[in-house]
Amino acid sequence: MRSNENEVASVKSGDSSEMGREYGRPSMPWRLSGPWLSGLAAVSYGLASMAMVFLNKGVLTYYKFSITLLALQMIATTALIYLGGKLEWLVMRPFSTATARRLLPLSFFYNANVAFALASLQGVNIPMYIALKRLTPMAVLVTGFFTGKSKPPLQVTLSTSLITFGCLIAALGDFSFDFYAYALALTSVLCQTFYLLLVEKSGAEQGMSSFELMFYNALLSLPFLGAILLCTNELPHSIPLLFTKCAASWSFTVAVITSLVMAIVLNYTMFLCTMVNSALTTTIVGVLKGVFTTIFGFFFLGGVKFQLLNVTGLAINSAGGVWYSIAKYRQKQAKVPSSPVLPTTHLDRSSDSQETDRLIEPSGKEIGDRDEPPVSFVEPPKPL
Numbered sequence: 001m002r003s004n005e006n007e008v009a010s011v012k013s014g015d016s017s018e019m020g021r022e023y024g025r026p027s028m029p030w031r032l033s034g035p036w037l038s039g040l041a042a043v044s045y046g047l048a049s050m051a052m053v054f055l056n057k058g059v060l061t062y063y064k065f066s067i068t069l070l071a072l073q074m075i076a077t078t079a080l081i082y083l084g085g086k087l088e089w090l091v092m093r094p095f096s097t098a099t100a101r102r103l104l105p106l107s108f109f110y111n112a113n114v115a116f117a118l119a120s121l122q123g124v125n126i127p128m129y130i131a132l133k134r135l136t137p138m139a140v141l142v143t144g145f146f147t148g149k150s151k152p153p154l155q156v157t158l159s160t161s162l163i164t165f166g167c168l169i170a171a172l173g174d175f176s177f178d179f180y181a182y183a184l185a186l187t188s189v190l191c192q193t194f195y196l197l198l199v200e201k202s203g204a205e206q207g208m209s210s211f212e213l214m215f216y217n218a219l220l221s222l223p224f225l226g227a228i229l230l231c232t233n234e235l236p237h238s239i240p241l242l243f244t245k246c247a248a249s250w251s252f253t254v255a256v257i258t259s260l261v262m263a264i265v266l267n268y269t270m271f272l273c274t275m276v277n278s279a280l281t282t283t284i285v286g287v288l289k290g291v292f293t294t295i296f297g298f299f300f301l302g303g304v305k306f307q308l309l310n311v312t313g314l315a316i317n318s319a320g321g322v323w324y325s326i327a328k329y330r331q332k333q334a335k336v337p338s339s340p341v342l343p344t345t346h347l348d349r350s351s352d353s354q355e356t357d358r359l360i361e362p363s364g365k366e367i368g369d370r371d372e373p374p375v376s377f378v379e380p381p382k383p384l
């Protein structure tokens with residue numbers, strides 16, 4: 001093992017991958033800068049989600065087997081992350097059966113969300129489907145209240161309610177009632193809510209990196225997707241058609257490959273946004289993404305006609321998003337501790353300071369000259 005001086009220098013220089021290989025610690029990207037990374041994670045997730053919507057729409061316009069496409073995306077995610085870990089491009093801990101069992105509910109809710117959403121589209125038109133799916137932020141607030149999460153500020157609650165109200169108004173003109181399809185869509189909302197909350201809990205409490213969560217989620221998704229493919233008898237028809245279309249069109253082949261890669265980017269940014277911000281922030285970004293996607297499609301793609309209720313609802317939704325951003329910024333500013341005017345001799349030994357400035361060897365021995373008893377490594381607390 002290297003000397004203590006080299007190890008400490010490695011920490012100061014930001015060699016997180018080397019640190020992760022030696023101490024079994026995943027490389028955590030939010031160790032760089034909390035506020036900047038929080039914003040970057042949210043923007044990246046929004047852009048990746050928008051790109052994925054149009055990309056999947058382009059592929060599925062010529063290829064109708066969405067479950068097969070989703071299964072291929074999960075296979076590509078599993079294979080590429082596993083390869084990256086083997087080549088030491090990514091810091092990955094060995095596969096753990098116990099961890100897989102803990103994350104099995106996460107994978108279940110992920111696939112249930114997708115399955116119920118696709119099924120609901122058979123009886124719900126697109127505007128109403130979007131409005132129903134945008135009830136997720138309120139569902140996250142309500143679920144968090146009953147599961148013991150800290151109560152969000154009043155401004156956050158009101159802005160989330162305004163976003164939800166705006167989405168409902170925007171789709172009110174296209175309101176058509178199908179009880180069965182609506183029940184499927186609302187079930188999808190609940191599954192997505194539990195999925196996001198489980199992602200937040202898994203990343204914060206189990207100390208897993210975004211890539212590790214992606215790997216386990218993709219791997220555990222395969223049995224669920226395989227069962228759906230068997231029940232729908234989709235596989236015997238979808239695979240031959242995929243090869244036929246790829247052989248006939250180079251552009252379609254590029255679009256399919258890009259969708260497989262973008263699935264990894266989308267899932268990574270979603271996991272990262274949820275862990276460094278919150279499940280509520282991730283759903284709000286999804287809501288705003290839907291607004292910008294609709295506007296982009298209206299002005300650049302055509303084929304969409306807005307009525308007064310649509311425009312009014314989108315304006316209310318956007319105002320709620322701005323209000324929410326301001327409320328979250330003020331909440332974070334209020335939690336920033338003020339620096340003392342004069343230096344003090346008291347050395348802060350709170351749990352937060354110990355977590356961020358101490359490095360522990362696998363044996364439990366600390367690196368450096370401190371005499372405190374060894375402690376187990378705990379990941380830095382997730383920003384609010």
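For the sequence shown, position 142 matches number 142 in the numbering used here, and the numbering has no gaps at all.
All C-beta atoms, glycine included, are put in the ideal place defined by N, C-alpha and C.
Model, not experiment: these values are computed from the prediction.
When DSSP states are grouped into helix, strand and coil, GLU88 belongs to the coil group.
Residues of the same chain with a CB within less than 6 Å of the CB of GLN155, apart from the 5 flanking positions on each side, are ALA327 in chain order. If the five residues before and after MET214 are omitted, its C-beta is found closer than 8 Å to the C-beta atoms of THR77, ILE81, ILE264, ASN267, TYR268, PHE271, all from its own chain and listed in chain order. With respect to SER107, ASN217 sits close: the two C-beta atoms are nearer than 7 Å. Under the DSSP assignment, GLU234 falls outside any alpha helix (DSSP H); it carries neither an H nor an E label. The three-state reading of DSSP puts SER210 in helix, counting H, G and I together. The alpha-carbon separation between SER249 and THR157 amounts to approximately 49 Å. ASN113: member of the alpha helix (DSSP H) spanning 97 to 120, first to last residue. A direct Cα-Cα distance of roughly 49 Å separates THR312 from GLY85. When the five nearest sequence neighbours on each side are left out, the beta carbons in the same chain lying within less than 6 Å of the beta carbon of ALA170 are those of ASN310, GLY313, LEU314, in order along the chain. Here VAL256 has VAL59, CYS246 as same chain residues with Cβ atoms under 7 Å from its own Cβ, once five neighbours each way along the sequence are excluded. In this structure, the beta-carbon distance from THR164 to LEU196 does not fall below 7 Å. Under the three-state reduction of DSSP, GLY286 is assigned to helix.
Our two residues, ASN317 and GLY39, have alpha carbons roughly 20 Å apart in a direct line.
Taking C-beta separations shorter than 7 Å and ignoring five residues to either side along the sequence, the partners of SER44 in its chain run THR269, following chain order. A residue is called buried when at least 16 other Cβ atoms come within 10 angstroms of its Cβ; GLN192 meets this threshold and is buried. In this structure, SER221 is the residue among LEU260, SER221, VAL287, SER325 with its C-alpha nearest to the C-alpha of ARG101. In its chain, beyond the 5 residues on either side, PHE116 have a beta carbon closer than 7 Å to the beta carbon of THR187. Rounded to the nearest angstrom, the gap between the Cα atoms of THR61 and ALA79 is 27 Å. Going by DSSP, LEU135 is part of no alpha helix (DSSP H) at all; its letter is neither H nor E. For LEU184, the closest of VAL199, VAL124, CYS273 by C-alpha to C-alpha distance is VAL124. Under the 10 Å beta carbon count, GLN73 is surrounded by 16 or more other beta carbons and is classified as buried. Of the candidates LEU55, GLN331, PHE211, PHE211 places its Cα closest to the Cα of LEU90. Here DSSP, grouped into helix, strand and coil, assigns LYS64 to coil. Remark: C-beta atoms of THR283 and PRO105 do not approach each other more closely than 7 Å. Beyond the five residues adjoining it in sequence on each side, ALA48 comes within less than 6 Å, by CB distance, of VAL265, LEU266, THR269 in the same chain, given in chain order. ILE239 and PRO94 have their C-alpha atoms spaced approximately 32 Å apart. Taken through DSSP and simplified to helix, strand or coil, ARG330 comes out as helix. Going by DSSP, LEU260 is part of the alpha helix (DSSP H) stretching over 250 to 276.
Across the set MET52, THR68, ALA51, the C-alpha of THR68 shows the shortest separation from the C-alpha of HIS237. Comparing alpha carbon positions, the residue from THR274, VAL322, ALA334 closest to SER161 is VAL322. Restricting attention to ASN111, TYR63, MET52, ALA139, the CA atom closest to the CA of LEU260 is found in MET52.
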